[in-house]
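S.K.:
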Amino acid sequence: MAKIAMLVSNRHDPDPRVQKEAEALVKAGHSVCIYAYDRLHEINIENEMINGVEIYRIRTQLVPYGKIWKTGKGLREFRSIVKKKLLESPVDIVHCHDQDTCSVGLWWKKKGKGQFVFDAHDLYWTWILLPNPKSIIRKFGALLLRRRDKKYAKSADLLIVATGKIGEKSGYQEIYDNWRKNSVVIFNAENNYSNTWSYPEKFTIGYFGNLRDYSMFKILIDAVLLIDEKERPHLRIAGSGAASKEISKLFEKYPEIKCKISGRYNHSELKSLMDECTLQYCLYSRKRGNIEYTIPAKLFSAAACGKKAIVNFNSLASEICKQNNWGWDVNEENIDEISKLIENLSKKWNSLSKEEKNNQYPFGKFMNKLNWDSQAEKLVESYKKISMP
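So the sequence shown is numbered by this note's numbering: it starts at 71 and just counts up by one.
As C-alpha coordinates, then:
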(Lines of atoms letter the chains of each structure in order from A and count residues from 1; the text may use other names and numbers.)
(Lines give C-alpha, C1' and ligand atoms only; values in the text may rest on other atoms or scores of the structure.)
Protein backbone atom coordinates (compact mmCIF):
# COMPACT_ATOMS: atom_id res chain seq x y z
CA MET A 1 0.00 0.00 0.00
CA ALA A 2 1.16 3.52 -0.79
CA LYS A 3 1.74 6.64 1.25
CA ILE A 4 -0.06 9.44 -0.60
CA ALA A 5 0.04 13.22 -0.28
CA MET A 6 -2.85 15.09 -1.87
CA LEU A 7 -2.48 18.80 -2.71
CA VAL A 8 -5.38 21.21 -3.08
CA SER A 9 -5.29 25.01 -3.43
CA ASN A 10 -8.34 25.67 -1.25
CA ARG A 11 -8.75 25.50 2.51
CA HIS A 12 -10.37 22.02 2.39
CA ASP A 13 -13.25 22.46 4.79
CA PRO A 14 -13.45 19.74 3.39
CA ASP A 15 -13.52 19.94 -0.41
CA PRO A 16 -16.11 17.22 -1.24
CA ARG A 17 -14.36 15.67 -4.26
CA VAL A 18 -10.92 15.70 -2.66
CA GLN A 19 -12.21 14.22 0.60
CA LYS A 20 -14.23 11.52 -1.18
CA GLU A 21 -11.21 10.43 -3.18
CA ALA A 22 -8.96 10.45 -0.13
CA GLU A 23 -11.41 8.38 1.91
CA ALA A 24 -11.81 5.87 -0.93
CA LEU A 25 -8.04 5.35 -1.03
CA VAL A 26 -7.80 5.06 2.77
CA LYS A 27 -10.58 2.47 2.71
CA ALA A 28 -8.51 0.53 0.13
CA GLY A 29 -5.58 0.44 2.57
CA HIS A 30 -3.49 3.44 1.52
CA SER A 31 -2.26 6.20 3.82
CA VAL A 32 -3.44 9.67 2.74
CA CYS A 33 -2.68 13.17 3.94
CA ILE A 34 -3.97 16.38 2.38
CA TYR A 35 -2.01 19.63 2.17
CA ALA A 36 -4.52 22.46 1.76
CA TYR A 37 -4.07 26.20 1.21
CA ASP A 38 -6.00 28.37 3.69
CA ARG A 39 -5.40 31.60 1.82
CA LEU A 40 -7.93 33.67 3.79
CA HIS A 41 -6.96 32.28 7.24
CA GLU A 42 -10.51 31.05 7.78
CA ILE A 43 -9.96 27.67 9.45
CA ASN A 44 -8.85 27.67 13.07
CA ILE A 45 -7.94 23.99 12.98
CA GLU A 46 -4.53 23.71 11.33
CA ASN A 47 -4.25 19.93 11.52
CA GLU A 48 -7.03 17.37 11.87
CA MET A 49 -8.12 13.85 10.97
CA ILE A 50 -11.37 13.27 9.07
CA ASN A 51 -12.43 9.67 8.49
CA GLY A 52 -8.86 8.41 8.45
CA VAL A 53 -7.49 11.23 6.28
CA GLU A 54 -4.85 13.55 7.78
CA ILE A 55 -5.31 17.20 6.85
CA TYR A 56 -2.64 19.91 7.08
CA ARG A 57 -3.72 23.48 6.34
CA ILE A 58 -1.04 25.90 5.25
CA ARG A 59 -1.21 29.68 5.45
CA THR A 60 0.75 32.41 3.71
CA GLN A 61 -0.06 36.11 3.77
CA LEU A 62 -3.76 36.82 3.22
CA VAL A 63 -4.64 36.33 -0.45
CA PRO A 64 -8.13 37.55 -1.53
CA TYR A 65 -9.87 35.62 -4.30
CA GLY A 66 -9.83 37.28 -7.71
CA LYS A 67 -6.48 39.04 -7.28
CA ILE A 68 -4.37 37.41 -10.00
CA TRP A 69 -0.89 38.60 -9.01
CA LYS A 70 -1.39 38.11 -5.26
CA THR A 71 -2.91 34.69 -5.92
CA GLY A 72 0.11 33.67 -7.99
CA LYS A 73 2.53 34.82 -5.30
CA GLY A 74 0.57 33.08 -2.57
CA LEU A 75 0.37 29.82 -4.50
CA ARG A 76 4.12 29.85 -5.11
CA GLU A 77 4.72 30.24 -1.38
CA PHE A 78 2.20 27.47 -0.60
CA ARG A 79 3.91 25.09 -3.03
CA SER A 80 7.33 25.94 -1.57
CA ILE A 81 6.12 25.10 1.94
CA VAL A 82 4.63 21.81 0.72
CA LYS A 83 7.92 20.84 -0.91
CA LYS A 84 9.73 21.32 2.40
CA LYS A 85 7.15 19.20 4.18
CA LEU A 86 7.46 16.43 1.59
CA LEU A 87 11.23 16.36 2.06
CA GLU A 88 10.69 16.10 5.82
CA SER A 89 8.03 13.39 5.45
CA PRO A 90 8.43 11.61 2.06
CA VAL A 91 5.55 9.90 0.28
CA ASP A 92 5.22 7.40 -2.54
CA ILE A 93 2.71 9.41 -4.57
CA VAL A 94 1.91 13.12 -4.84
CA HIS A 95 -1.70 13.47 -5.99
CA CYS A 96 -2.30 16.98 -7.37
CA HIS A 97 -5.82 18.36 -7.57
CA ASP A 98 -5.92 20.78 -10.50
CA GLN A 99 -3.09 22.46 -12.34
CA ASP A 100 -2.06 24.98 -9.70
CA THR A 101 -0.55 22.24 -7.52
CA CYS A 102 1.00 20.11 -10.29
CA SER A 103 4.47 21.66 -10.25
CA VAL A 104 5.02 19.99 -6.87
CA GLY A 105 4.04 16.56 -8.20
CA LEU A 106 6.28 16.91 -11.24
CA TRP A 107 9.17 18.14 -9.06
CA TRP A 108 8.74 15.11 -6.79
CA LYS A 109 8.78 12.75 -9.76
CA LYS A 110 11.87 14.36 -11.34
CA LYS A 111 13.75 14.05 -8.05
CA GLY A 112 13.06 10.32 -8.20
CA LYS A 113 11.20 10.43 -4.91
CA GLY A 114 7.87 9.03 -6.06
CA GLN A 115 5.04 9.19 -8.55
CA PHE A 116 2.86 12.04 -9.77
CA VAL A 117 -0.93 11.95 -10.18
CA PHE A 118 -2.67 14.82 -11.99
CA ASP A 119 -6.36 15.07 -11.07
CA ALA A 120 -7.95 17.57 -13.50
CA HIS A 121 -11.22 18.72 -11.96
CA ASP A 122 -11.71 21.38 -14.63
CA LEU A 123 -10.23 22.93 -17.74
CA TYR A 124 -8.03 25.09 -15.54
CA TRP A 125 -6.87 27.48 -18.24
CA THR A 126 -10.43 28.70 -18.86
CA TRP A 127 -10.87 30.26 -15.41
CA ILE A 128 -8.64 33.21 -16.25
CA LEU A 129 -11.11 34.11 -19.04
CA LEU A 130 -14.17 34.30 -16.79
CA PRO A 131 -14.10 38.04 -15.88
CA ASN A 132 -13.52 39.11 -19.50
CA PRO A 133 -13.37 36.38 -22.19
CA LYS A 134 -12.55 38.95 -24.90
CA SER A 135 -9.44 40.30 -23.15
CA ILE A 136 -6.27 39.79 -25.24
CA ILE A 137 -4.16 39.60 -22.08
CA ARG A 138 -6.43 36.97 -20.54
CA LYS A 139 -6.49 34.97 -23.78
CA PHE A 140 -2.69 34.98 -23.80
CA GLY A 141 -2.66 33.90 -20.15
CA ALA A 142 -5.09 31.08 -20.96
CA LEU A 143 -2.81 29.94 -23.79
CA LEU A 144 0.17 29.73 -21.43
CA LEU A 145 -1.87 27.83 -18.84
CA ARG A 146 -3.11 25.40 -21.49
CA ARG A 147 0.47 24.64 -22.55
CA ARG A 148 1.38 24.06 -18.92
CA ASP A 149 -1.60 21.74 -18.53
CA LYS A 150 -0.39 19.74 -21.51
CA LYS A 151 3.06 19.32 -19.95
CA TYR A 152 1.62 18.07 -16.67
CA ALA A 153 -0.85 15.74 -18.40
CA LYS A 154 1.92 14.11 -20.45
CA SER A 155 4.26 13.81 -17.45
CA ALA A 156 1.83 12.34 -14.91
CA ASP A 157 1.99 8.66 -13.98
CA LEU A 158 -1.81 8.74 -13.71
CA LEU A 159 -4.12 11.33 -15.28
CA ILE A 160 -7.63 11.62 -13.83
CA VAL A 161 -10.27 13.78 -15.54
CA ALA A 162 -13.66 14.83 -14.21
CA THR A 163 -15.79 14.09 -17.30
CA GLY A 164 -15.88 11.93 -20.40
CA LYS A 165 -18.11 11.41 -23.40
CA ILE A 166 -21.82 10.81 -22.79
CA GLY A 167 -23.95 10.08 -25.84
CA GLU A 168 -22.71 12.37 -28.58
CA LYS A 169 -21.27 14.98 -26.21
CA SER A 170 -17.55 15.06 -25.42
CA GLY A 171 -16.05 15.67 -21.99
CA TYR A 172 -12.63 16.55 -20.63
CA GLN A 173 -11.25 13.15 -21.56
CA GLU A 174 -11.69 13.83 -25.26
CA ILE A 175 -9.75 17.10 -24.91
CA TYR A 176 -6.93 15.46 -22.97
CA ASP A 177 -6.86 12.62 -25.51
CA ASN A 178 -5.05 15.05 -27.81
CA TRP A 179 -2.14 14.91 -25.35
CA ARG A 180 -2.35 11.35 -24.00
CA LYS A 181 -4.79 8.50 -24.46
CA ASN A 182 -4.96 6.70 -21.12
CA SER A 183 -6.74 9.14 -18.80
CA VAL A 184 -9.31 7.83 -16.31
CA VAL A 185 -12.72 9.47 -15.91
CA ILE A 186 -13.86 9.88 -12.31
CA PHE A 187 -17.19 11.70 -12.21
CA ASN A 188 -17.79 13.88 -9.14
CA ALA A 189 -20.90 11.87 -8.32
CA GLU A 190 -22.51 11.47 -4.92
CA ASN A 191 -24.40 8.67 -3.23
CA ASN A 192 -28.09 9.29 -2.61
CA TYR A 193 -28.68 11.09 0.67
CA SER A 194 -32.09 9.59 1.27
CA ASN A 195 -35.04 7.99 -0.45
CA THR A 196 -37.31 10.78 0.78
CA TRP A 197 -36.89 14.44 -0.07
CA SER A 198 -38.27 17.67 1.33
CA TYR A 199 -39.56 20.56 -0.75
CA PRO A 200 -40.55 24.12 0.15
CA GLU A 201 -44.20 25.08 -0.14
CA LYS A 202 -43.38 27.90 -2.58
CA PHE A 203 -41.63 27.10 -5.85
CA THR A 204 -37.98 27.97 -5.14
CA ILE A 205 -34.92 27.97 -7.38
CA GLY A 206 -31.70 27.21 -5.56
CA TYR A 207 -28.03 27.78 -6.29
CA PHE A 208 -25.50 26.29 -3.86
CA GLY A 209 -21.84 26.58 -4.78
CA ASN A 210 -19.10 28.99 -5.84
CA LEU A 211 -20.23 32.53 -6.61
CA ARG A 212 -17.90 33.42 -9.47
CA ASP A 213 -20.09 34.02 -12.50
CA TYR A 214 -21.87 37.38 -12.11
CA SER A 215 -23.55 37.20 -15.51
CA MET A 216 -25.45 33.98 -14.78
CA PHE A 217 -27.27 35.67 -11.90
CA LYS A 218 -28.05 38.76 -13.96
CA ILE A 219 -29.61 36.44 -16.55
CA LEU A 220 -31.65 34.74 -13.82
CA ILE A 221 -32.90 38.09 -12.51
CA ASP A 222 -33.88 39.28 -15.99
CA ALA A 223 -35.77 36.04 -16.61
CA VAL A 224 -37.58 36.09 -13.27
CA LEU A 225 -38.68 39.71 -13.71
CA LEU A 226 -40.57 38.72 -16.87
CA ILE A 227 -42.77 36.38 -14.84
CA ASP A 228 -46.04 37.56 -13.30
CA GLU A 229 -45.64 38.21 -9.59
CA LYS A 230 -48.10 35.41 -8.68
CA GLU A 231 -45.97 32.80 -10.44
CA ARG A 232 -42.60 34.39 -9.72
CA PRO A 233 -40.34 31.92 -7.87
CA HIS A 234 -38.43 32.50 -4.70
CA LEU A 235 -34.65 32.19 -4.90
CA ARG A 236 -32.29 30.55 -2.41
CA ILE A 237 -28.53 31.10 -2.86
CA ALA A 238 -25.69 29.87 -0.66
CA GLY A 239 -21.95 29.95 -1.15
CA SER A 240 -18.97 32.24 -1.53
CA GLY A 241 -16.45 33.15 -4.19
CA ALA A 242 -14.71 35.95 -6.06
CA ALA A 243 -18.00 37.59 -7.12
CA SER A 244 -20.03 37.00 -3.95
CA LYS A 245 -20.15 40.66 -2.88
CA GLU A 246 -21.09 41.87 -6.36
CA ILE A 247 -23.82 39.23 -6.63
CA SER A 248 -25.27 40.16 -3.23
CA LYS A 249 -25.34 43.84 -4.25
CA LEU A 250 -27.01 42.90 -7.52
CA PHE A 251 -29.94 41.23 -5.75
CA GLU A 252 -30.26 44.18 -3.38
CA LYS A 253 -31.24 46.27 -6.43
CA TYR A 254 -34.29 44.06 -7.03
CA PRO A 255 -36.27 43.82 -3.76
CA GLU A 256 -39.29 42.66 -5.78
CA ILE A 257 -37.50 39.31 -6.15
CA LYS A 258 -37.64 37.31 -2.94
CA CYS A 259 -34.13 35.96 -2.56
CA LYS A 260 -32.43 34.56 0.52
CA ILE A 261 -28.62 34.60 0.33
CA SER A 262 -26.20 33.05 2.80
CA GLY A 263 -22.46 32.51 2.70
CA ARG A 264 -20.05 29.60 2.69
CA TYR A 265 -21.40 26.30 3.94
CA ASN A 266 -19.99 22.89 4.85
CA HIS A 267 -20.80 19.91 2.68
CA SER A 268 -22.58 18.36 5.66
CA GLU A 269 -25.15 21.19 5.35
CA LEU A 270 -25.92 20.45 1.69
CA LYS A 271 -28.96 18.20 2.22
CA SER A 272 -30.69 20.75 4.49
CA LEU A 273 -30.00 23.49 1.92
CA MET A 274 -31.39 21.33 -0.88
CA ASP A 275 -34.55 20.86 1.16
CA GLU A 276 -35.09 24.63 0.85
CA CYS A 277 -35.36 24.52 -2.95
CA THR A 278 -37.53 22.88 -5.58
CA LEU A 279 -34.76 22.63 -8.17
CA GLN A 280 -31.20 23.82 -8.82
CA TYR A 281 -30.05 26.53 -11.20
CA CYS A 282 -27.00 25.32 -13.16
CA LEU A 283 -27.02 27.74 -16.07
CA TYR A 284 -23.57 29.20 -16.75
CA SER A 285 -21.98 31.58 -19.21
CA ARG A 286 -20.51 29.58 -22.08
CA LYS A 287 -18.03 32.28 -23.11
CA ARG A 288 -14.99 30.94 -21.26
CA GLY A 289 -15.17 27.72 -23.26
CA ASN A 290 -15.67 25.20 -20.48
CA ILE A 291 -19.39 24.62 -20.00
CA GLU A 292 -19.91 22.43 -23.05
CA TYR A 293 -17.60 19.76 -21.58
CA THR A 294 -18.38 19.87 -17.89
CA ILE A 295 -20.97 18.57 -15.45
CA PRO A 296 -21.38 21.04 -12.58
CA ALA A 297 -20.81 19.52 -9.16
CA LYS A 298 -24.12 20.95 -8.02
CA LEU A 299 -25.91 18.85 -10.66
CA PHE A 300 -24.57 15.69 -9.03
CA SER A 301 -25.43 17.12 -5.60
CA ALA A 302 -28.96 17.94 -6.73
CA ALA A 303 -29.46 14.42 -8.09
CA ALA A 304 -28.19 12.92 -4.81
CA CYS A 305 -30.76 15.00 -2.93
CA GLY A 306 -33.66 14.19 -5.25
CA LYS A 307 -33.74 17.56 -6.98
CA LYS A 308 -33.67 18.28 -10.71
CA ALA A 309 -31.86 21.19 -12.36
CA ILE A 310 -31.91 23.72 -15.19
CA VAL A 311 -28.75 23.34 -17.30
CA ASN A 312 -27.15 24.68 -20.48
CA PHE A 313 -28.45 23.24 -23.73
CA ASN A 314 -26.09 21.48 -26.14
CA SER A 315 -23.73 20.45 -23.37
CA LEU A 316 -22.53 17.38 -21.51
CA ALA A 317 -24.77 18.41 -18.61
CA SER A 318 -27.83 18.49 -20.87
CA GLU A 319 -26.96 15.04 -22.21
CA ILE A 320 -26.70 13.49 -18.75
CA CYS A 321 -29.97 15.17 -17.77
CA LYS A 322 -31.75 13.69 -20.77
CA GLN A 323 -30.38 10.21 -20.14
CA ASN A 324 -31.19 10.20 -16.43
CA ASN A 325 -34.24 12.50 -16.24
CA TRP A 326 -32.27 14.94 -14.09
CA GLY A 327 -33.75 18.18 -15.37
CA TRP A 328 -34.28 20.61 -18.24
CA ASP A 329 -31.92 22.30 -20.70
CA VAL A 330 -32.28 25.79 -22.11
CA ASN A 331 -30.34 28.33 -24.17
CA GLU A 332 -28.46 30.44 -21.61
CA GLU A 333 -28.53 33.46 -23.94
CA ASN A 334 -32.30 33.43 -24.52
CA ILE A 335 -33.91 35.29 -21.60
CA ASP A 336 -37.44 34.70 -22.90
CA GLU A 337 -36.86 30.96 -23.20
CA ILE A 338 -35.44 30.78 -19.67
CA SER A 339 -38.32 32.83 -18.30
CA LYS A 340 -40.99 30.67 -19.98
CA LEU A 341 -39.38 27.47 -18.70
CA ILE A 342 -39.26 28.79 -15.13
CA GLU A 343 -42.83 30.10 -15.37
CA ASN A 344 -44.17 26.77 -16.68
CA LEU A 345 -42.35 24.81 -13.95
CA SER A 346 -43.62 27.25 -11.33
CA LYS A 347 -47.22 26.90 -12.52
CA LYS A 348 -46.97 23.11 -12.44
CA TRP A 349 -45.55 23.18 -8.95
CA ASN A 350 -48.04 25.65 -7.55
CA SER A 351 -50.94 23.65 -8.97
CA LEU A 352 -49.98 20.57 -6.97
CA SER A 353 -51.58 19.61 -3.71
CA LYS A 354 -49.45 19.40 -0.59
CA GLU A 355 -49.64 15.61 -0.78
CA GLU A 356 -48.47 15.61 -4.41
CA LYS A 357 -45.54 17.84 -3.52
CA ASN A 358 -44.57 15.50 -0.68
CA ASN A 359 -44.66 12.62 -3.16
CA GLN A 360 -42.04 14.42 -5.25
CA TYR A 361 -44.21 14.76 -8.34
CA PRO A 362 -43.28 15.84 -10.95
CA PHE A 363 -39.80 17.02 -9.97
CA GLY A 364 -38.25 14.17 -8.04
CA LYS A 365 -39.35 10.93 -9.72
CA PHE A 366 -35.99 9.61 -10.78
CA MET A 367 -33.17 7.51 -9.37
CA ASN A 368 -29.58 8.62 -9.17
CA LYS A 369 -27.89 5.59 -10.76
CA LEU A 370 -24.53 7.29 -11.24
CA ASN A 371 -23.22 7.24 -7.66
CA TRP A 372 -19.92 7.82 -5.88
CA ASP A 373 -19.39 4.16 -4.91
CA SER A 374 -18.94 3.20 -8.57
CA GLN A 375 -16.49 6.06 -9.12
CA ALA A 376 -14.52 5.20 -5.98
CA GLU A 377 -14.00 1.67 -7.32
CA LYS A 378 -12.57 3.10 -10.56
CA LEU A 379 -10.19 5.31 -8.58
CA VAL A 380 -8.90 2.43 -6.47
CA GLU A 381 -8.44 0.24 -9.54
CA SER A 382 -6.53 3.03 -11.29
CA TYR A 383 -4.14 3.26 -8.37
CA LYS A 384 -3.48 -0.47 -8.61
CA LYS A 385 -2.20 0.03 -12.16
CA ILE A 386 0.58 2.42 -11.21
CA SER A 387 3.58 0.83 -9.55
CA MET A 388 3.61 0.62 -5.78
CA PRO A 389 6.63 0.28 -3.47
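The C-beta atom is built at its ideal place from N, Cα and C for all residues, glycine as well.
Using CA atoms only, rank isn't needed, just tell me which of N404, V133 and K392 is closest to L369.
M.R.: Residue numbering aside, residue 369 sits at position 299 when the sequence shown is read from its first letter. Considering only alpha carbons, the answer is K392.
S.K.: Counting beta carbon pairs with one atom in the region 275-293 and one in the region 358-373, are three or more of them shorter than 8 Å?
M.R.: Enough Cβ pairs lie closer than 8 Å, so yes.
S.K.: For the beta strand (DSSP E) that C329 lies in, which residues bound it at each end?
M.R.: Here residue 329 corresponds to residue number 259 of the sequence shown, with the count starting at 1. Run containing C329: C329 to S332, per the beta strand (DSSP E) assignment.
S.K.: Under 6 Å from any heavy atom of the ligand COA, does the C-beta of W419 make it?
M.R.: This structure lacks the ligand COA, and indeed carries no ligand of any kind.
S.K.: Return helix, strand or coil for V133, following the three-state DSSP convention.
M.R.: Position 63 of the sequence shown, counted from the first residue, corresponds to residue 133. Residue state, collapsed to three classes: coil.
S.K.: Can you tell me whether M344 is helix, strand or coil according to DSSP?
M.R.: Residue numbering aside, residue 344 sits at position 274 when the sequence shown is read from its first letter. Looking at M344 - three-state DSSP - the assignment turns out to be helix.
S.K.: For chain B, find out if any of its Cβ atoms is closer than 7 Å to the Cβ of K180; answer yes or no.
M.R.: The question asks about chain B, but that chain is absent: this structure has only one protein chain.
S.K.: Taking only the alpha-carbon atoms, compute the straight-line gap between L343 and N395 and give it to the nearest angstrom.
M.R.: For the purposes of this step, residue 343 is taken as the residue at position 273 of the sequence shown. For the purposes of this step, residue 395 is taken as the residue at position 325 of the sequence shown. Going by the C-alpha atoms only, they are around 22 Å apart.
S.K.: Distance check for W249 and P203, CA to CA, integer angstroms please.
M.R.: What you label residue 203 is simply residue 133 of the sequence shown in a count that begins at 1. What you label residue 249 is simply residue 179 of the sequence shown in a count that begins at 1. Looking at the two C-alpha atoms, the distance is approximately 24 Å.
S.K.: Who are the Cβ neighbours of W442 in its own chain at under 7 Å, not counting the five residues just before and after it?
M.R.: The sequence position of residue 442 within the sequence shown is 372, counting from 1. Cβ neighbours of W442 beyond the five flanking positions: K90, A259, E260 and N261.
S.K.: Can you grab the Cα-Cα spacing for the pair E322 / L295, in whole Å?
M.R.: Numbered from its first residue, the sequence shown carries residue 322 at position 252. Numbered from its first residue, the sequence shown carries residue 295 at position 225. Rounded to whole angstroms, E322 to L295 spans 14 Å at the Cα level.
S.K.: Am I right that K377 and C347 are in contact with their C-beta atoms under 8 Å? What's the rounded C-beta distance?
M.R.: On the sequence shown, position 307 is the one that residue 377 refers to. On the sequence shown, position 277 is the one that residue 347 refers to. Contact holds; Cβ gap of about 7 Å.
S.K.: Can the beta-carbon of S253 be found closer than 7 Å to that of D170?
M.R.: Counting from 1 along the sequence shown, the entry for residue 253 is found at position 183. Counting from 1 along the sequence shown, the entry for residue 170 is found at position 100. Contact flag unset, no.
S.K.: What ranges does the alpha helix (DSSP H) occupy inside the region 155-222, keeping only unbroken runs of at least 4 residues that lie completely in it?
M.R.: Counting whole runs of 4 or more residues, the region 155-222 contains the alpha helix (DSSP H) stretches 172-180.
S.K.: Considering only C-alpha positions, which residue in the set L229, L95 and R81 is nearest to E118?
M.R.: For the purposes of this step, residue 118 is taken as residue 48 along the sequence shown, with counting starting at 1. It is R81.
S.K.: Does the pairing of the region 217-235 with the region 185-197 give three or more beta-carbon distances under 8 Å?
M.R.: Touching, yes, given that three or more Cβ pairs across the two stretches are closer than 8 Å.
S.K.: Report yes or no: do three or more beta-carbon pairs, one from the region 279-293 and one from the region 402-422, lie closer than 8 Å?
M.R.: The region 279-293 is in contact with the region 402-422.
S.K.: Would you list, in sequence order, the uninterrupted alpha helix (DSSP H) runs of no fewer than 4 residues that lie entirely inside the region 330-409?
M.R.: As far as the region 330-409 is concerned, its whole alpha helix (DSSP H) runs of at least 4 residues are 340-344, 367-374 and 386-394.
S.K.: Please give the ranges of any beta strand (DSSP E) in the region 227-258, keeping only runs that are unbroken, at least 3 residues long and fully inside the region.
M.R.: 228-231, all fully within the region 227-258.
S.K.: Sort L320, R127, K427 and K155 by Cα distance to W267 and report the nearest one.
M.R.: As a working mapping, residue 267 is identified with position 197 in the sequence shown. Per the Cα distances, K427.
S.K.: For C276, which beta-bridge partners are listed by DSSP?
M.R.: Here the question's residue 276 lines up with position 206 in the sequence shown. Reading the sequence as shown, one finds Gly at residue 276 and not Cys. G276 pairs with R306 and Q350.
S.K.: Suppose you measure from the CA of A312 to the CA of Y107; what does that come to, to the nearest Å?
M.R.: The residue you call residue 312 lines up with position 242 of the sequence shown. The residue you call residue 107 lines up with position 37 of the sequence shown. Cα to Cα, the separation comes out at about 16 Å.
S.K.: In chain order, what residues of the same chain have a beta carbon less than 7 Å from the beta carbon of V381, not counting five sequence neighbours either side?
M.R.: In the sequence shown, the residue the question calls residue 381 occupies position 311. So the qualifying residues of the chain are C352, L353, L369, A387, S388, C391, G397 and D399.
S.K.: So, at 6 Å on beta carbons, what are the nonlocal neighbours of G237 in its own chain, with the 5 sequence-adjacent residues on each side left out?
M.R.: Here residue 237 refers to the residue found at position 167 when the sequence shown is read from its first residue. Excluding sequence neighbours, G237 sits near E389.
S.K.: Out of I113, C166, K143 and L145, point me to the one whose CA is closest to R87's CA.
M.R.: In the sequence shown, the residue the question calls residue 87 occupies position 17. The shortest C-alpha separation from R87 is found at C166.
S.K.: Given S332, which residues of its chain have a CB within under 6 Å of its CB, disregarding the five upstream and five downstream residues?
M.R.: The residue you call residue 332 lines up with position 262 of the sequence shown. Only A308 meet the Cβ criterion.
S.K.: Pull the bridge partners of E77 from the DSSP assignment, please.
M.R.: The sequence position of residue 77 within the sequence shown is 7, counting from 1. Note that residue 77 is Leu in the sequence shown here, rather than Glu. Note: L77 sits in a beta bridge opposite Y105 and C166.
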